[in-house]
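Numbering (the numbering used here), first residue to last: -4 to 265.
Quick reminder that beta carbons are idealized off the backbone N, C-alpha and C, glycines included.
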Amino acid sequence: MDLVILIKEIIIFSINMNTTERQHLILERLQNGGHLDEEELAKLFDVSTRTIRKDLKKLEELGLFHFPQMGYNSTLSNFNDTPFLGNEIVNIEEKQKIAQRAIHFLNEDDAIILGAGTTILAFAQAIPKNFQLTVLSAAMDISMELISKPKIEIVQLGGLVRRRNASVLGPHAVEMMRHFACNKLFLSADGISLEYGLSTSNLMEAHLSSRMIRSVQKTIILADSSKFNKRSFGKICELVEDIDQIITDQKLSTHIFHQLEDKGIEVTLV
């Protein structure tokens, strides 16, 4: 067995795990290995096979993967955990325009949360040097970007480091979020769908983003038009119930634009 996987499994047994955390780890193992059976999962998580069967059924109902009766093979919808550096060169001009417009929705002395991703990094870079803010950040590259801005107080969330986009995630980061209440959340996503909602390629990141939404008064999505009509692996939230505003580029189709506005979501095109 791979040493990293073995260490993870040792850690699992030291955690008083709830159902959501167990389901996250099941999906992570399916994502990495592709095949597990009920008895193996039950032994790993120290629960009954009946409990595992309920977990898997719930995950299938959520549309995260499909499994046959004999063994479990993940079939992930739009799963593409693109390396962080690869994202930097995609739609650069659109991301910069989105970031510049998003600055207009900041006020002095706001307490804000910033998610991870290259569009959010562009937003952090665009914040004026002498702007006074408190920023909670899930991404280390964003925190490093803000260090040079002396009037910004930075709170870096802690947890498991996801190298692909220099962000932290997992139960520790989620637990930290329970202690904060902020004005606004600026968040990106890998997929935006009217039917499915907001989604990202990593389930634990989706769980953290969902927790962030519950900690703010207003959620603003920064995403270029290529992210629309797509679903990714981990669902973050519904659009209508949880998203207040979307800032995107003018390549967004007129049909999607009117659908979003009809549902009460403010859409800003740049």
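Exposed or buried, D257, counting other C-beta atoms within 10 Å across all chains shown (16 or more means buried)? Per the 10 Å Cβ criterion, exposed.
Can you tell me where the beta strand (DSSP E) with V211 in it begins and where it stops? Where V211 is concerned, the enclosing beta strand (DSSP E) starts and stops at 211 to 217.
Suppose the cutoff is 6 angstroms on Cβ atoms and the five residues either side in sequence are ignored; what does the same chain contact list for L255 look like? By the criterion of a C-beta distance shorter than 6 angstroms, L255 is surrounded in its chain by V262, once the five residues flanking it on both sides are discounted.
When the Cβ atoms of the stretch 101 to 121 are set against those of the stretch 232 to 239, are three or more pairs found closer than 8 angstroms? No contact exists between the stretch 101 to 121 and the stretch 232 to 239.
Completely contained alpha helix (DSSP H) runs for the stretch 86 to 149, where each covers 4 or more residues: Those alpha helix (DSSP H) runs which fall completely within the stretch 86 to 149 and span 4+ residues are 87 to 97, 113 to 121, 135 to 141.
So F181 is in the alpha helix (DSSP H); what residue range does that whole segment cover? Element bounds for F181: not the alpha helix (DSSP H) but the beta strand (DSSP E), 177 to 182.
Relative to the C-alpha of I215, which candidate in T14, F100, F223, L128 has its C-alpha closest? Out of T14, F100, F223, L128, F100 has the C-alpha closest to the C-alpha of I215.
Give a yes or no on whether the C-beta atoms belonging to V130 and I107 are separated by under 8 angstroms. Between V130 and I107, the gap from beta carbon to beta carbon is short of 8 angstroms.
Could you tell me the boundaries of the alpha helix (DSSP H) in which E256 lies? Per DSSP, the continuous alpha helix (DSSP H) segment holding E256 begins and ends at 249 to 257.
Answer with buried or exposed for T249, where buried requires no fewer than 16 other C-beta atoms within 10 angstroms of its C-beta. By the neighbour-count rule (16 or more Cβ atoms within 10 Å), T249 is not buried but exposed.
In or out: L152 buried (at least 16 other Cβ within 10 Å) or exposed? A buried status is given to L152, since no fewer than 16 other beta-carbon atoms sit within 10 Å of its beta-carbon.
Mapping the DSSP letters down to three states, classify I260 as helix, strand or coil. Shown here, I260 sits in coil according to DSSP, grouped into three states, outside any helix or strand.
Which two residues bound the contiguous alpha helix (DSSP H) that contains R157? Premise fails: R157 lies in the beta strand (DSSP E), 155 to 157, not in any alpha helix (DSSP H).
Which residues in the same chain as F223 place their Cβ atom closer than 7 angstroms to its Cβ, once the five residues preceding and following it in sequence are excluded? Closer than 7 angstroms at the Cβ level, and outside the excluded window around F223, lie I187, L247, I251.
Write down the C-beta distance between T243 and A218 rounded to the nearest angstrom, noting that I regard them as a contact closer than 8 angstroms. So it is a contact: roughly 6 angstroms between Cβ atoms.
Quick one: what's got a C-beta closer than 7 angstroms to D43's C-beta in the same chain, skipping five residues either side? Reading the sequence as shown, one finds Ser at residue 43 and not Asp. So the qualifying residues of the chain are A37.
Continuous beta strand (DSSP E) stretch holding L193: start and end: It spans 192 to 195 - the beta strand (DSSP E) in which L193 sits, taken as one unbroken run.
Straight-line CA distance for K92 to I241? Going by C-alpha positions, K92 is about 13 angstroms away from I241.
Please state whether the Cβ-Cβ distance between V163 and A133 is less than 8 angstroms. Between V163 and A133, the gap from beta carbon to beta carbon is short of 8 angstroms.
According to DSSP, is S221 part of a helix, a strand, or is it coil? Helix, per DSSP.
In angstroms, rounded to a whole number, what distance separates the CA positions of I142 and E170? The straight-line gap from Cα to Cα measures roughly 24 angstroms.
Would you tell me roughly how many angstroms separate the C-alpha atoms of R17 and F40, rounded to the nearest one? Looking at the two C-alpha atoms, the distance is approximately 7 angstroms.
Neighbour-count burial assignment, V211, 16 or more Cβ in a 10 Å radius: Within a 10 Å sphere around the beta-carbon of V211 sit 16 or more other beta-carbons, which makes this residue buried.
Helix, strand or coil at S188 according to DSSP, with G and I counted as helix: DSSP places S188 in the strand class (E or B) of the three-state scheme.
Where E34 falls, given that 16 or more other Cβ within 10 Å makes a residue buried: Exposed is the call here.
Just checking my contact of G165 with N197 at CB under 8 angstroms: how many whole Å lie between their CB atoms? At roughly 10 angstroms, the Cβ-Cβ gap does not stay under 8 angstroms, so G165 and N197 are not in contact.
Could you give the first and the last residue of the continuous alpha helix (DSSP H) run that contains K38? Per DSSP, the continuous alpha helix (DSSP H) segment holding K38 begins and ends at 33 to 40.
Going by DSSP, which residues form a beta bridge with I241? Beta-bridge pairing links I241 to I216, V262.
Alpha helix (DSSP H) containing L152: first to last residue? Counting along the chain, L152 falls outside any alpha helix (DSSP H), and DSSP gives it neither H nor E.
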